[in-house]
Amino acid sequence: MSNDDLTHENFDFRGFDVPDLKAVTMASSSDGEQSKQPKTKHEDASRNRRHGKKKSKSDARSKKRAGAGKTSESFDDYEDYEEREAVGKADKKASKDRPGLFAPMTLREVTVRNRIWLPPMCTYSSFARDGRPTPFHYQHYVSRAFGGFGMVIVESTAVAPEGRITPCDLGLWEDGQIDAWRWIVDGIREAGAVPAIQLNHAGRKASTGCFAVGYDGQSVPEEAGGWPTMAPSEIAFGGLRTPRALSVDEIHGLVGAFAAAAGRAVAAGFQAIQIHAAHGYLISQFLDPLSNERDDEYGGDLTGRSRFLVEVVDAVRGAVPEGVPVLVRISATDWAAGGWDLDQTIALSKVLKEHGVDVMDVSTGGIMSGVSIPVKPNYQVPFAEQVKSKADIPVTAVGLITKPKQAAKILARGEADAVEIGRAALRDPYWPLRAANKLGIPSTEVPYAPQYVAGAY
């Protein structure tokens, strides 16, 4: 893999061990018993390939000679071996009834034109440090909308100035920031995509450095524009500064901050709201017992640790119109023994569905530094599939999804309702249009803007 392929949003996986997915020890479940990740058909397929039970298409055309198939787990060969993978008759029949990448998806009163979405990825480019977007953000997001993405989810946007990951993060913590967003939102909508925004508070991972500030991977000193951080408990993340523990009144205030930011987002024209409860930021810090040692109503068992998120969801749901979808990004596991895991994610997803959440955006990791994460194509898809099937809620899948046929098969197998193309979209803003060509979809059925029809594949 290249260095670019070993990154995912705010993560950098270089230097981490990459064990087999099924070998990862899952954390203790909420009932105190040790839980293990459920086996998936991906693991079974991988096991069959390792034991020589898979045959390639070329072998099938040569009287199906046994044992001659070749399997590669490398990133570059992923599309090749996926093309050769046998799909059972039942899967083929079921896939005909499932939506494809370019099928529309309706959430409440919003219809998304296809199932290829742009996930929130930080750009750390509010250089005035006032939380306001700039012409860069217009170009960045509107170009992906013209590129054919169905939903464009704007990067982590802070609900309070001290909730920024870096001093150059975007924000919606005051009414004066609303107007700066409108032209970007209008541009996304005019290009045919649904504009969504991710609302976040970084908690103990706030006030860190970036390319525009320096202090990369460190806490920014106050004299350089940094600030004290806060968290559920006084537990630092890695080598970052130790946060102070939030009071109950402050927690209530932050619930209100999420709601107020959601209201501002709707006022700016955003059609969907995503709450960031993943990747080790503040809500994630409340969820995971490794970072939450509180003994009040916001700590302890799963109900206590998830209370903050449920209250935020209720507050956001009440602050936006009924027709506006609410999404939650979740880390399905934090890859650390004793921490947040898949069982708790499924249980929480069921609760969030009852509280009006429309889609779970399933990712993993972020609460601990130095843990082993099995980074490879589709490595997070099995978690999305488990949440979808066991919590009965729509999900999106992420995690080194880079190839058109790879993305299409995730939907065909019913493992997710939409896919999110992240790093590949940074390299190619027109990924959906290229994917349609690769999949043999006529250009007349693809979301080309009129200005670009002459250049259609």
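Under my numbering, the first residue of the sequence shown is numbered 12, with each subsequent residue one higher. From the three backbone atoms N, C-alpha and C, an ideal C-beta is built for every residue, glycine too. Every value quoted in this text rests on a predicted model; they were computed, and no experiment measured them.
Item                                                                                                                                                                           : Value
Taking the alpha helix (DSSP H) that Glu234 falls in, what are its first and last residues?                                                                                    : Unbroken run through Glu234: none, as it is neither H nor E.
Between Met241, Gly291, Ala272 and Gln285, which has its C-alpha nearest Leu257's C-alpha?                                                                                     : Met241
Applying the criterion that 16 or more other CB atoms from any shown protein chain within 10 Å of the CB defines a buried residue, is Asp299 buried or exposed?                : buried
How far does the beta strand (DSSP E) with Trp194 in it reach, from first residue to last?                                                                                     : Careful: Trp194 lies outside any beta strand (DSSP E), inside the alpha helix (DSSP H) at Ile189 to Glu201.
Can you tell me where the beta strand (DSSP E) with Val277 in it begins and where it stops?                                                                                    : Val277 -> not in any beta strand (DSSP E); alpha helix (DSSP H) instead, spanning Val259 to Ala279.
Which residues does DSSP list as the beta-bridge partners of Trp128?                                                                                                           : Met162 and Glu431
Per DSSP, which residues does Arg255 bridge with? Please list them.                                                                                                            : Met241
Which residue marks the beginning of the beta strand (DSSP E) containing Asp372, and which one marks its end?                                                                  : Val370 to Ser374
If you drop the 5 nearest sequence neighbours on each side, which residues of the same chain put their C-beta closer than 6 Å to that of Ala343?                               : Leu353, Thr356, Val373, Thr375 and Phe394
Taking all protein chains shown into account, do 16 or more other C-beta atoms lie within 10 angstroms of the C-beta of Val464, making it buried, or fewer, making it exposed? : exposed
For Gln285, write down the residues that DSSP places opposite it in a beta bridge.                                                                                             : Gln209 and Leu338
Can you list, in chain order, the residues of its chain with a C-beta nearer than 8 Å to that of Phe138? Leave out the 5 residues immediately preceding and following it.      : Thr145, Cys179 and Ala223
Quick test of your reading: Glu166 and Pro206, contact by CB under 8 Å. State the CB separation rounded to the nearest angstrom.                                               : With a Cβ gap of about 12 Å, Glu166 and Pro206 do not count as contacting.
Please tell me whether Ala9 and Leu320 are closer than 8 Å, where the distance is taken between their beta carbons.                                                            : This structure does not reach residue 9, given that the chain is present from 12 up to 468, and the question cannot be answered.
Pick out whichever of Gly142, Gly158, Ile164 and Gly159 has its Cα sitting closest to the Cα of Ala191.                                                                        : Gly142
Give the single residue among Ser154, Trp351 and Thr177 whose Cα lies nearest to the Cα of Gly236.                                                                             : Thr177
Leaving out the 5 sequence neighbours to the left and right, which residues in its chain are closer than 6 Å to Asp28 when beta-carbon positions are compared?                 : Interpretation of Asp28 is limited by its pLDDT of 36, a score under 50 that renders its predicted location unreliable; the figure taken from the coordinates is listed afterwards. Answer for Asp28: Ser383, listed in chain order.
Residue range of the beta strand (DSSP E) that Leu118 falls in?                                                                                                                : Met116 to Leu118
Quick check on Lys420: buried or exposed, where buried means 16 or more other Cβ atoms within 10 Å of its Cβ?                                                                  : buried
Does the beta-carbon distance from Val121 to Pro115 come in below 8 Å?                                                                                                         : no
State the Cα-Cα distance for the pair Gly410 and Asp369, rounded to the nearest angstrom.                                                                                      : 21 Å
Check each candidate in Thr134, Arg140, Phe160 and Gly161 and name the one with the smallest Cα separation from His148.                                                        : Thr134
With distance defined between alpha-carbon atoms, name the residue in Asp307, Thr219 and Gly274 nearest to Asp260.                                                             : Asp307
From Ala288 to Val327, what distance separates their C-alpha atoms?                                                                                                            : 13 Å
Suppose the cutoff is 7 Å on Cβ atoms and the five residues either side in sequence are ignored; what does the same chain contact list for Ala436 look like?                   : Leu129, Arg155 and Trp442
So which of Ile284, Ala348 and Tyr309 has the shortest CA-CA distance to Val324?                                                                                               : Ile284
Looking at Ala278 and Ile470, is the spacing between their C-beta atoms short of 8 Å?                                                                                          : The structure shown does not extend to residue 470, since the chain spans only 12 to 468, so no value can be given for it.
Rounded to the nearest angstrom, how far is the Cβ of Val392 from that of Ala427, given a contact under 8 Å?                                                                   : 7 Å
Whole-angstrom Cβ separation of Ala202 and Phe248, contact assumed at under 8 Å?                                                                                               : About 37 Å separates the two Cβ atoms, so there is no contact after all.
Could you check how far apart the C-beta atoms of Gly367 and Val337 are, in whole angstroms? I think they sit under 8 Å.                                                       : 6 Å
Run the CB neighbour count on Arg126, radius 10 Å, all protein chains shown included, and call it buried at 16 or more, exposed below.                                         : buried
Helix, strand or coil: how does DSSP classify Thr219 here?                                                                                                                     : strand
For Ala467, count neighbouring C-beta atoms within 10 Å of its own C-beta (all shown protein chains included) and say buried if the count is 16 or more, exposed if not.       : exposed
Buried or exposed for Thr9, please, with buried defined as at least 16 other CB atoms from any protein chain shown within 10 angstroms of its CB.                              : Past the boundaries of the shown model lies residue 9; the chain is included only from 12 to 468, so the question cannot be answered.
What does a CB cutoff of less than 6 Å around Ala330 pick up in its chain, not counting 5 residues either side in sequence?                                                    : Ala270, Ala273 and Gly274
Can you check whether the CB of Pro243 is closer than 8 Å to the CB of Gln296?                                                                                                 : yes
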